[in-house]
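K.L.:
Got a structure for you, questions after.
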């Protein structure tokens, strides 16, 4: 078979051969062997059809070359087709002579032309002819030499096509190569030794079909190569070439509507800016990522020229057709939207949406960051930026591996929260004195700055974790209680309180829990002091 993809017919023939050789190797019953007479008859009818088809193809090749003016490139292909037919006929006749010798030596046909059952079961005569008399070894050489002869004929007219060996040893056959009982058998031993006459007849007919099949492939290759130097327009499609595919409302749309044609039989080489592009049905498919331009005009555009070349055989001569196509690269503008777009909060989850509208559906973003870290979101362009503690953070934006640009932001420190006091009823009004002996439930809370609390809710979780509550009488401290959380136990302190005393809350440390549940302690350089007067 040829090295390329096999046709369904080729696969069927190959499977018949494998089944045949497998049955021979397994030494099947005599009753099944009689069925090979029917198989042989079918194979011989197939051979006749093959020969008629291949002879017609040889004539068709000669007629086609003549109709196309006997071009000097194609005339040798007529002789090559005839040589393929001659070589095939010689091998086919040789195989037929071996089959007839087997039939004669075994006296397999009676006076009425019918096969003798007893003769078909004979397993000694095939071994004597093909093994003892060495004709099986000669047959293997002739069969495996044939594909090489055909390949050489084709190569002489510029066609590269190779074929596999026909007569294989067991180790080279897929179903036998891993079978320890069979894989060491030679071609002769596998096919002829201890094999009945009826089966060997069918096997030789199968080899004849193998030869004819290779001939058919070779002639098809010659047929397909005829007239390839003619550019025959047989593929057409309607096309529109617009002055621009971006049109503003109120302006004209201008374009050319035309018929583009190509040849399915030609194989032109196409390049764009020196790079080869794939060709499908004669049309080159151009696709590449446009890198950013070094300089743009005041409209944000940079002019580019695409230089294309098509090398195609026209009237027997390779011709180069050149085309220049002007296009413009639009400067990509990075658009960032966010609640905190002007500046980013330190060590917080700043949610950004980074888009490059000019890229449209081709936008495939990737990001880098300096002085911080980032987390990509589920949708393209969504990113959570966690800046460092101070300075600036720079986000690099790329798409499809191409750098688009950078965006840089100042890092804003997290605003300090406001300290508020609460009792069991709610916020304590510090503008009025509190009834003695003071609130039985005392809560000290750190409330986030309003804008920060709204935009950065995941990071606005504050808690007072350091400080003290002091009972003052005549501005002299009398009792103290440390603050370790928002609920402060001041019962003992209130037991000593009198009207006119003051309760002073002094906050020295606030802890913020960020979106990653990481606790960030902040020691206040200037303690927050709140005074509650008792009456």
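Numbering (the working numbering), first residue to last: 6 to 540.
Heads up, the beta-carbon is just placed ideally off N, CA and C, and yes, glycines get one too.
#1: What three-state label does DSSP hand residue 527 in the structure shown?
#2: If contacts are defined as beta-carbon pairs under 8 Å, then residue 351 and residue 389 qualify, I think. What distance do you get, rounded to the angstrom?
#3: Since residue 400 is in the beta strand (DSSP E), which residue starts that stretch and which ends it?
#4: Could you compute how far the alpha carbon of residue 255 sits from the alpha carbon of residue 333?
#5: Are there three or more Cβ pairs, one per stretch, closer than 8 Å when the region 61-71 is compared with the region 84-101?
#6: Who are the Cβ neighbours of residue 325 in its own chain at under 8 Å, not counting the five residues just before and after it?
#7: Tell me the DSSP secondary structure of residue 226 in three-state form.
#8: Going along the chain, which residues of its own chain have a beta-carbon closer than 6 Å to the beta-carbon of residue 439, five neighbours each way excluded?
#9: So, helix, strand or coil for residue 446, using DSSP?
#10: Locate the beta strand (DSSP E) running through residue 370, then write down its first and last residues.
#11: Quick check on the DSSP output: the alpha helix (DSSP H) that includes residue 516 runs from which residue to which?
#12: DSSP has residue 274 in a bridge; who is on the other side?
#13: Helix, strand or coil: which one does DSSP assign to residue 350?
#14: Taking only the alpha-carbon atoms, compute the straight-line gap between residue 460 and residue 392 and give it to the nearest angstrom.
#15: Measure how close the beta-carbons of residue 188 and residue 181 come, nearest whole angstrom, since I'm counting them as under 8 Å.
#16: Within 10 angstroms of its Cβ, does residue 485 collect 16 or more other Cβ (buried), or is it exposed?
#17: Per DSSP, what kind of secondary structure is residue 463 in: helix, strand or coil?
#18: Whole angstroms is fine: what's the gap from residue 73's alpha carbon to residue 232's?
#19: What residues in its chain sit with their C-beta under 7 Å from that of residue 209, if we drop five residues either side in the sequence?
#20: Decide if residue 52 is buried, meaning its Cβ has at least 16 other Cβ atoms within 10 Å, or exposed.
#21: Within the same chain, show all residues whose beta-carbon is closer than 6 Å to that of residue 527, passing over the 5 residues directly before and after it, in chain order.
#22: Cα separation between residue 327 and residue 75?
#23: Give me the residue from 140, 500, 397 and 472 with the minimum Cα distance to residue 487.
#24: Tell me the DSSP secondary structure of residue 387 in three-state form.
#25: Are residue 92 and residue 154 close, meaning C-beta to C-beta below 9 Å?
#26: Applying the criterion that 16 or more other CB atoms from any shown protein chain within 10 Å of the CB defines a buried residue, is residue 117 buried or exposed?
#27: By how many angstroms is the C-alpha of residue 509 removed from the C-alpha of residue 524?
#28: Tell me whether residue 131 sits in a helix, a strand or coil according to DSSP, three-state version.
#29: Going by beta carbon distance, what residues of the same chain come within less than 8 Å of residue 343, once the five residues before and after it are set aside?
#30: So, under 8 Å CB-CB, residue 372 and residue 410 are touching, yes? Tell me the CB distance rounded to an integer number of Å.
#31: Whose CA, out of 193, 201, 307 and 365, lies closest to the CA of residue 331?
#32: Could you check which residue in 469, 160, 437 and 454 has the C-alpha nearest to that of residue 448?
#33: Under DSSP, the alpha helix (DSSP H) around residue 147 begins and ends at which residues?
#34: Around the C-beta of residue 199, are 16 or more other C-beta atoms found within 10 angstroms, so that it is buried, or is it exposed?
#35: With a threshold of 16 other CB atoms inside 10 Å of the CB of residue 168, please say whether the residue is buried or exposed.
#36: Look at the alpha carbon of residue 31 and the alpha carbon of residue 54, and state the distance between them as a whole number of angstroms.
P.N.:
Once the coordinates are examined:
#1: Correct three-state label for residue 527: strand.
#2: Not confirmed; about 14 Å, so no contact.
#3: 397-404
#4: Because residue 255 carries a pLDDT of 47, less than 50, the predicted location of this residue cannot be relied on, and no value is offered for it.
#5: Yes, the region 61-71 is in contact with the region 84-101.
#6: 314, 315 and 316
#7: helix
#8: 537 and 539
#9: coil
#10: Residues 370-375.
#11: If you look at residue 516, you'll find it isn't in any alpha helix (DSSP H); it sits in the beta strand (DSSP E) that goes 507-518.
#12: 316
#13: Correct three-state label for residue 350: strand.
#14: 16 Å
#15: Confirmed, Cβ separation roughly 5 Å.
#16: exposed
#17: helix
#18: 8 Å
#19: Answer for residue 209: 100, 103 and 104, listed in chain order.
#20: buried
#21: 515
#22: 31 Å
#23: 472
#24: strand
#25: yes
#26: A residue is called buried once 16 or more other Cβ atoms fall within 10 Å of its Cβ, and residue 117, having fewer, is exposed.
#27: So the alpha carbons of these two residues sit roughly 27 Å apart.
#28: Residue 131 falls in the helix class under three-state DSSP.
#29: 355, 356, 357 and 358
#30: At roughly 12 Å, the Cβ-Cβ gap does not stay under 8 Å, so residue 372 and residue 410 are not in contact.
#31: 307
#32: 469
#33: 140-160
#34: exposed
#35: buried
#36: Reliability of the predicted coordinates at residue 31 is poor, the pLDDT of 43 falling under 50, and the value obtained from them is presented with this limitation in mind. Their backbone Cα atoms lie some 31 Å apart in a straight line.
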